[in-house]
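As C-alpha cells, the structure follows; a few thoughts come after it.
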Amino acid sequence: MNLLSDPRWNEALAHLPDYLGNHVRVSVAALALGLAVSLPLAIASRNQPVLRVALLGLASIVQTVPGLALLALFYPLLLALAALSLAWFGFGFSAFGFLPAVLALALYSMLPVLRNTITGLQGVDAAILEAAQGVGMTPRQSLFSVELPLALPVMMAGIRTSAVWVIGTATLSTPIGQTSLGNYIFAGLQTQNWVFVLFGCLSAAVLALAVDQLLALIEDGIRDRSRLRTAFGGIGIAALVAATLVPTMARSSSSYIVGAKTFTEQYVLSALIAERLRAGGLLATSREGLGSNVIFDALASGDIDVYVDYSGTLWANQFHHTDIKPREELLGDLKSTLAKHNITLLGELGFENAYALVMPRRRAAQLGIRTIADLTSRAATLSIAGDYEFFSRPEWAGLQKAYGLAFRTQRQMQPDFMYAAVASGEVDVIAGYTSDGLIAKYDLVVLDDTKHAIPPYDAIVLLAPKRASDQVLREALQPLLGKIDISAMREANLRAAGGDGASSPDAVARWLWEKIGKQ
Amino acid sequence: MPTAPLIAYANVAKTFDGGRVVAVDDVSLEVAEGEFLAVVGGSGSGKTTLLRLANRLIEADRGSITVEGEDVRRADPIGLRRRIGYVFQSGGLFPHMSVAGNIGVTPKLLGWSSEKILARVDELLDLVRLDRAHYRDRLPHELSGGQRQRIGVARALAAKPRIVLMDEPFGALDPLTRDALGDDYRSLHRKLGLTTVMITHDMTEAILLADRVAVMRGGKLLAQGTPAELSASGDDYVGELLRTPRRQAERLGALLPRDGAA
Numbered sequence: 044m045n046l047l048s049d050p051r052w053n054e055a056l057a058h059l060p061d062y063l064g065n066h067v068r069v070s071v072a073a074l075a076l077g078l079a080v081s082l083p084l085a086i087a088s089r090n091q092p093v094l095r096v097a098l099l100g101l102a103s104i105v106q107t108v109p110g111l112a113l114l115a116l117f118y119p120l121l122l123a124l125a126a127l128s129l130a131w132f133g134f135g136f137s138a139f140g141f142l143p144a145v146l147a148l149a150l151y152s153m154l155p156v157l158r159n160t161i162t163g164l165q166g167v168d169a170a171i172l173e174a175a176q177g178v179g180m181t182p183r184q185s186l187f188s189v190e191l192p193l194a195l196p197v198m199m200a201g202i203r204t205s206a207v208w209v210i211g212t213a214t215l216s217t218p219i220g221q222t223s224l225g226n227y228i229f230a231g232l233q234t235q236n237w238v239f240v241l242f243g244c245l246s247a248a249v250l251a252l253a254v255d256q257l258l259a260l261i262e263d264g265i266r267d268r269s270r271l272r273t274a275f276g277g278i279g280i281a282a283l284v285a286a287t288l289v290p291t292m293a294r295s296s297s298s299y300i301v302g303a304k305t306f307t308e309q310y311v312l313s314a315l316i317a318e319r320l321r322a323g324g325l326l327a328t329s330r331e332g333l334g335s336n337v338i339f340d341a342l343a344s345g346d347i348d349v350y351v352d353y354s355g356t357l358w359a360n361q362f363h364h365t366d367i368k369p370r371e372e373l374l375g376d377l378k379s380t381l382a383k384h385n386i387t388l389l390g391e392l393g394f395e396n397a398y399a400l401v402m403p404r405r406r407a408a409q410l411g412i413r414t415i416a417d418l419t420s421r422a423a424t425l426s427i428a429g430d431y432e433f434f435s436r437p438e439w440a441g442l443q444k445a446y447g448l449a450f451r452t453q454r455q456m457q458p459d460f461m462y463a464a465v466a467s468g469e470v471d472v473i474a475g476y477t478s479d480g481l482i483a484k485y486d487l488v489v490l491d492d493t494k495h496a497i498p499p500y501d502a503i504v505l506l507a508p509k510r511a512s513d514q515v516l517r518e519a520l521q522p523l524l525g526k527i528d529i530s531a532m533r534e535a536n537l538r539a540a541g542g543d544g545a546s547s548p549d550a551v552a553r554w555l556w557e558k559i560g561k562q
Numbered sequence: 055m056p057t058a059p060l061i062a063y064a065n066v067a068k069t070f071d072g073g074r075v076v077a078v079d080d081v082s083l084e085v086a087e088g089e090f091l092a093v094v095g096g097s098g099s100g101k102t103t104l105l106r107l108a109n110r111l112i113e114a115d116r117g118s119i120t121v122e123g124e125d126v127r128r129a130d131p132i133g134l135r136r137r138i139g140y141v142f143q144s145g146g147l148f149p150h151m152s153v154a155g156n157i158g159v160t161p162k163l164l165g166w167s168s169e170k171i172l173a174r175v176d177e178l179l180d181l182v183r184l185d186r187a188h189y190r191d192r193l194p195h196e197l198s199g200g201q202r203q204r205i206g207v208a209r210a211l212a213a214k215p216r217i218v219l220m221d222e223p224f225g226a227l228d229p230l231t232r233d234a235l236g237d238d239y240r241s242l243h244r245k246l247g248l249t250t251v252m253i254t255h256d257m258t259e260a261i262l263l264a265d266r267v268a269v270m271r272g273g274k275l276l277a278q279g280t281p282a283e284l285s286a287s288g289d290d291y292v293g294e295l296l297r298t299p300r301r302q303a304e305r306l307g308a309l310l311p312r313d314g315a316a
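So the protein lines, in turn, are chains A and B. Take any residue in the first sequence, count from 1 to its spot, add 43: that is its number in the working numbering. Take any residue in the second sequence, count from 1 to its spot, add 54: that is its number in the working numbering.
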C-alpha cells in the first residue's frame, strides 16, 4: 500500500486539533511558569555567588532526572498535596494531567534559562558596568537599560533551548493523563502503528521549530529595536496559542472520560467503551496511555470516569494482597473492597488477561516442558523477558517462590517486541499475556500454572465514584459485560497489532462490536 | 582672598582587601574652580582610586572629601554622579545604544524632555566637532577610537556639569588623535569654565594640558604644583618623571628645524 494513501494519516489528522491544542497549552504554560521563576532567580543571584552555585546545581540535578520519571514523580507528590489541602483548607485539586505536567515541565525548563541568564549577565564588561554607575544610574536602571539588553542574545538562546526542550518533553506527559502529541507516540508504539509514531514525532518537531523561529524573530526585533519584528513574533506566538485553544474550547467539558493503560488491549477496549457511550447518546473522550499506577487513582479522584482493569492486578498491586484466591471468591472480595473506595465494579467482560509464562511450542516440546514446574530444573540455563513492570510485581515474586525459579538472565522489553523475541530464540521464555493474539500468531504455548501461583485476571469494568448511580452509563455498557471471550479478545489484539490501515483501535473496536453483536 | 576649592581632599585614605593593599595613603589635595589638574603616576600609584573617591564610585576609609563645598558622605551618590561629568578610559560607551543615546543618557536619567535632550545632543556633537547628522544614529562599534572618545567627552558634558573627571581619557589613542583631542578638550575646558581632574601616566601630556600637576606614588601624594614648581621639588621620583619630557623637548628642538613646513 502507498504510504501516503494509508487511511491512518487521516485518522491521525483528525486527532490533531485536540492533541496539538493540549500540547501547546501545557508547553506554553510550563514555559511561562519556568520563565517567571527562573528569570528573577537568575537576576537575584547575579551578585550572590553562593545562591548562583546552588541554583545551577539544583537545576542540573533536575536535568539529570529522565523526563518521564520527573513527570511520573509529580503525580504522587501532587496527589499527596491535594489530600493535605483537602484536609487542611477544605478544598482539593486534580493531581492528574495538566497540573503535574506543567509543574514538571516548568522545572525541566529552568536550567537553560538560569544558566544562560547568569552567563549573559556575567559576560557584561566590567568597564561598561562602571560606566553605567559613573553616569549616575541606580542599580535598577543599570540592570534594565544596560545589563539585560546586553545579556539578551545569550538569554534568548537559553529561552529558545528551553522552549524546544519543553515541547519535546511534553510528549512524555501522556502517561500522567495530560493529552499531548505524545498520545500519537504512545498509542503508535503500543499498537505498532508507525504512522502514528511518525506523525507524533513530526508534529512535535514542527511545533518546536515554529516556536523557536518565532522566538528568534522576537530576539532580532528586540536587538535591532524593530517594533515590527517583535510584534510579529509576539503575534505569531499568541496566534498559535489562540488557534489551538479554539477547537478545544468548543468541545463540551461535560463529556465522559474513558481511561486506558499503555497496552494494545486497553486502547481497543477504551475505544469500544467510548463508542458505546456515544451510541448511548453520551459525549465521550478517551484518555489513553495512562501509567498503571496513575489510572486507578485517577478513577478514584474522578479525573476519569470509567476504565477496564484486571482483578489480579488490583488484588496484588493496588491492595497488596499476597494470598491467591479462586476466581469467584477473589472477585467478590475485590468488589466489596472497591465499594469501600466508592468505586463500582460494574462487571466482567468475559475474558482473562493473565500473566503467563510462554515459550515457542516446538522448543517446549524439545525440552519436554509443559508446565512451569518443568522449568525449575532448567531455568538456570534459560533467559526470561518480561514487560517493564513484571519483575517488580508480586506475581513474579509469587512464581519464584512457588516454583523456585532462578533464570540465567532476565530482561525487560516493550511488550509487543517480546513475542517476536521469544519466537526468534532471542530469549527462551517470556512473561506474556494470555489474551495476546501474538501467542497464536507465533505458535507459542502457555505453560500451565499447576500450583496457581498467578492470580486470576478477569477483565473488569470500573466506574468512578461520581458515576456510581449513573443509569445511562450503566445501560450503555451493559451489552459488553460477559460478551468478550478470550478468542475474540485475542483476535482483536492481533488485528490491532497488524500495522495496517485496519489496525487502529477505533477500527478494531468496531470489528469487535460487530462480532459481539452477532453472538 | 582665594575662592573656596571646588574639590578638596583632606587626609584621605583607602585600602583594599581588608587593609592588605593601600591604594590612597593620607592624601590632601585641593582643586580650585576653573582649574585643570592632572594627576600623574604609574600603575598602582592610587591615582584612579583618588579620582573615583570624588564621585563615590569608591568610598573613602578615612579623611573627608568635599565637592562644591559639600561633604560627599552626606551627598546622594547617584545625584552626585549625575552632576559630575566622567570620561572613562577608552570611552566606556554603551555598545547597544546609539551615539545620541549615549550622549543623552545622563540628561535622560535627570528627566529632561526628549526635545531638550535631542537639541543638547546636537549641540554637543558640534562642540566635540563631529557631524550631527552623520554620527547621531551610529552605534559605538562603527566609530574609530578617537571618535568614540569624543563621544565619551560629549557624554560627560551632556548634563552641563561644573566638574569633569577624566580617567586616562586619551591613553589608548594614536599620537596624532591624542594631540588633537587633548587640544580640543583644553579649549572646551576654558570656554565652558570647567573644573577638570585628569588622570594620566604621561607627564608630557600632563604638562601640556594641565594648569597644575600632582604626582602620586604608592598611594602617597609626592608633589603638586605648576610645571615650574614641580621642577623645584627635591623628590627623586618627580625629578625622574620630569626628565623624560625635558629630554624629549631638547632632542626635538635639536632635530626639527625651527621654521619647518610642518
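No residue lacks a Cβ here, since even glycine has one placed at the ideal position from N, Cα and C. Here the structure is a predicted model, which means the values were calculated and not measured.
Quiz prompt | Buried or exposed (CB count within 10 angstroms, at least 16 for buried), Val96(A) | solution = exposed
Quiz item: Would Ile300(A) count as contacting chain D if we go by Cβ distances under 8 Å?
Solution: Looking at the structure shown, chain D is missing, and the protein chains on hand are A and B.
Quiz item: For Tyr485(A), which three-state DSSP category applies?
Solution: It is coil, neither helix nor strand.
Quiz item: Okay, do the stretch 316–335 of chain A and the stretch 531–541 of chain A touch, 3+ Cβ pairs below 8 Å being the bar?
Solution: no
Quiz item: Secondary structure at Asp352(A), three-state DSSP: helix, strand or coil?
Solution: strand
Practice problem: Would you list, in chain order, the members of the stretch 137–171 of chain A that have their beta-carbon closer than 7 Å to a beta-carbon of chain B? | Solution: Ala170, Ile171
Quiz prompt | Per-residue DSSP class, three states only, for Phe139(A) | solution = coil
Quiz item: Exposed or buried, Ala277(B), counting other C-beta atoms within 10 Å across all chains shown (16 or more means buried)?
Solution: Buried is the call here.
Quiz item: What three-state label does DSSP hand Ala293(A) in the structure shown?
Solution: Here the model assigns Ala293(A) a pLDDT of 48, short of 50, so the residue's position is not dependable and the matter cannot be decided.
Practice problem: Could you spell out where the alpha helix (DSSP H) holding Asp255(A) opens and where it closes? | Solution: 237–266
Quiz prompt | Which listed residue (Thr69(B), Tyr140(B), Gly133(B)) has its alpha carbon closest to that of Thr249(B) | solution = Among Thr69(B), Tyr140(B), Gly133(B), the Cα nearest to that of Thr249(B) is on Tyr140(B).
Quiz prompt | Span of the alpha helix (DSSP H), counted from its first residue to its last, around Arg116(B) | solution = Looking at the DSSP string, Arg116(B) is not in any alpha helix (DSSP H); the run it does join, the beta strand (DSSP E), is 116–121.
Quiz prompt | In DSSP terms, what Ile61(B) is bridged to | solution = Under DSSP, Ile61(B) takes part in a beta bridge, and its partners are Val85(B), Val121(B).
Quiz item: For the alpha helix (DSSP H) that Ser335(A) lies in, which residues bound it at each end?
Solution: 335–343
Self-check item: Inter-stretch contact (C-beta, 8 Å, three-pair minimum) for the stretch 140–148 of chain A and the stretch 216–234 of chain A
Solution: yes
Self-check item: CA-to-CA distance, Gly100(A) to Ser88(A), given in whole angstroms
Solution: 13 Å
Quiz item: Span of the beta strand (DSSP E) holding Ser128(A)?
Solution: From DSSP, Ser128(A) is part of no beta strand (DSSP E) but of the alpha helix (DSSP H) over 110–132.
Quiz item: To the nearest angstrom, how far is it from the Cα of Leu260(A) to the Cα of Glu196(B)?
Solution: If I take the Cα positions, the gap works out to 24 Å.
Quiz item: Any Cβ of chain B within less than 8 Å of the Cβ of Pro192(A)?
Solution: yes
Exercise. Run down chain A in chain order and give the residues with a C-beta less than 7 Å from the C-beta of His150(B).
Key: Ordered by position in chain A, the residues that pass the 7 Å Cβ test against His150(B) are Pro192, Leu193.
Exercise. Report yes or no: is there a C-beta of chain A within less than 8 Å of the C-beta of Arg209(B)?
Key: yes
Practice problem: Spell out whether any CB of chain A is found under 8 Å from the CB atom of Tyr364(B). | Solution: Residue 364(B) lies beyond the range of chain B shown here (55 to 316); nothing can be said about it.
Quiz prompt | Distance between Val472(A) and Met402(A) (C-alpha atoms, nearest Å) | solution = 5 Å
Quiz prompt | Length at least 4, wholly inside the stretch 405–442 of chain A: the alpha helix (DSSP H) runs in chain order | solution = 415–418
Quiz item: Can you name the start and end residues of the alpha helix (DSSP H) that Leu195(A) belongs to?
Solution: 191–212
Quiz item: CB of Arg203(A) to nearest heavy atom of the ligand SAH: below 7 Å?
Solution: This structure does not include the ligand SAH; it has no bound ligands of any sort.
Practice problem: List in chain order: all unbroken beta strand (DSSP E) runs of 3+ residues lying wholly within the stretch 155–200 of chain B. | Solution: none
Quiz item: Taking any Cβ of chain B, which residues in the stretch 170–184 of chain A have a Cβ under 9 Å from it, in chain order?
Solution: Ala170, Ile171, Glu173, Ala174, Ala175, Gln176, Gly177, Val178, Gly179, Met180, Thr181, Gln184
Quiz item: When the Cα atoms are used, what is the spatial distance from Met456(A) to Arg183(A)?
Solution: 56 Å
Exercise. Let me know the beta strand (DSSP E) ranges lying completely inside the stretch 359–412 of chain A, each 3 residues or longer, listed in chain order.
Key: 387–395, 398–403
Quiz item: By a C-beta neighbour count over all protein chains shown, 10 Å radius and 16 as the cutoff for buried, is Tyr431(A) buried or exposed?
Solution: exposed
Self-check item: Endpoints, beta strand (DSSP E) assigned at Asp256(B)
Solution: Counted as a single uninterrupted DSSP element, the stretch harbouring Asp256(B) is not any beta strand (DSSP E), since DSSP gives it neither H nor E.
Quiz item: I think Arg413(A) touches Leu487(A), with their Cβ atoms under 8 Å apart; what is that distance to the nearest whole Å?
Solution: Not a contact, Cβ separation roughly 14 Å.
Self-check item: Span separating the alpha-carbon of Thr103(B) from that of Val254(A)
Solution: 49 Å
Practice problem: Note down, in chain order, each residue of its chain lying with its Cβ closer than 8 Å to the Cβ of Gly277(A), except the 5 sequence neighbours on either side. | Solution: Answer for Gly277(A): Ile261, listed in chain order.
Self-check item: Cutoff 8 Å: Val189(A) Cβ touching any chain B Cβ
Solution: yes
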